[in-house]
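Position one of the sequence shown corresponds to residue 10 (my numbering), numbered consecutively onward. Working notes, beginning with the structure itself.
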Amino acid sequence: MKNLLITIIVASYNSKDYILETLESCINQQYQNIEIIIVDDCSSDNSVELIKQWCKEKKSTSPKIRCILVESERNKGIPANLNNALPFINGDWIKCIGSDDILLPEAISEFVNRLEKCSNLDNIGAVFTYFQTFGYSVNVSTRYPSSWTRTICQMPPSWLKKAAAMIHFNNVAPCAFINKNHFSGFDTSYKLLEDLPLWLKMIKNNKNTLFFDYTTVLYRLHDSQITSLNNIKVNDVLI
């Protein structure tokens with residue numbers, strides 16, 4: 010279990026102001042058996058140049074950690090952009106993170122330690138944790154998800170879990186770890202909604218989910234954030 014390879018996928022789009030801080034948080038993990046795949050969704054700023062330079066530097070400073078950039082030729086949306094990483098994933102588990110968020114230093118090591126204590130992992134599709142909001146526009150930092158969402162995470166697959174997830178699973182993406190054995194990609198039918206269709210598919214396929222009681226990600230809130238610019242009504246999209 011200690012030799013688990015964790016793939017960190019960083020989804021980038023016009024993220025020049027934050028991308029380097031995010032990448033540094035990913036590579037400076039206490040647990041170092043990781044690979045970092047950055048997928049850029051045809052940014053129009055200089056994000057790609059910054060990422061290329063960063064990857065080049067890490068080849069000499071962190072040679073044991075594979076860091077690669079995958080570029081999209083046109084803007085495809087979040088699910089398709091994340092799917093661009095699929096051919097390059099070598100890891101056992103996948104951690105996706107936005108290019109403006111921060112992965113806490115102990116995020117991966119604590120995940121591996123807790124996973125090691127679990128039995129019967131064969132049917133686990135995903136593991137969720139806490140994430141914490143932060144940013145210049147946030148007066149009060151809040152920890153997510155709610156206690157109700159945590160309860161749903163640990164329920165066995167059922168119609169009840171699927172119905173509850175439709176309402177409460179739309180804020181768990183920043184804190185999710187995905188089992189590569191049960192993952193074939195995100196549904197590209199929803200250009201800006203990458204996670205909820207995946208969780209519903211896992212429940213439909215009788216895959217379990219777990220919740221680990223610790224914080225992995227600092228989730229940045231700011232004016233130009235994709236999820237702020239697009240107010241997605243989840244139930245209207247999926248039903």
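Cβ atoms here follow ideal geometry from the backbone N, Cα and C, with glycine treated the same way.
Going by DSSP, which residues form a beta bridge with residue i?
i      : result
Lys104 : Ile17, Phe186
Thr283 : The first residue shown for the chain is 10 and the last is 248, placing residue 283 beyond what the model contains.
Arg75  : Glu44
Phe137 : Ala185, Phe220
Thr70  : None, per the DSSP bridge assignment.
Arg229 : Phe143
Leu130 : Leu130 is not bridged to any residue.
Ile111 : Leu227
Just checking my contact of residue i with residue j at CB under 8 Å: how many whole Å lie between their CB atoms?
i      : j      : result
Leu78  : Asp49  : 7 Å
Ile212 : Pro166 : 5 Å
Glu82  : Cys105 : The pair is not a contact, with the Cβ atoms about 21 Å apart (cut-off 8 Å).
Ile46  : Ile60  : So it is not a contact: roughly 11 Å between Cβ atoms.
Leu219 : Ile133 : 6 Å
Quick one, are the C-beta atoms of residue i and residue j less than 7 Å apart?
i      : j      : result
Tyr153 : Thr224 : no
Ser108 : Ser21  : yes
Phe137 : Val181 : yes
Leu32  : Gly144 : no
Ala89  : Ala135 : no
Tyr228 : Thr142 : yes
His191 : Lys216 : yes
Phe178 : Trp157 : no
inquiry  = I'd like to know if the stretch 65-74 and the stretch 119-126 are in contact, where contact means that at least 3 CB-CB pairs between them fall below 8 Å.
reply    = In this structure the stretch 65-74 does not touch the stretch 119-126; the number of beta carbon pairs closer than 8 Å is below three.
message = If we require 4 or more residues per run, which alpha helix (DSSP H) segments fall completely within the stretch 196-227?
response = Fully enclosed alpha helix (DSSP H) runs of 4 or longer: 205-213.
key: the stretch 14-31 / the stretch 87-102 touching (three or more Cβ pairs under 8 Å)   = Cβ pair count under 8 Å is three or more, so yes.
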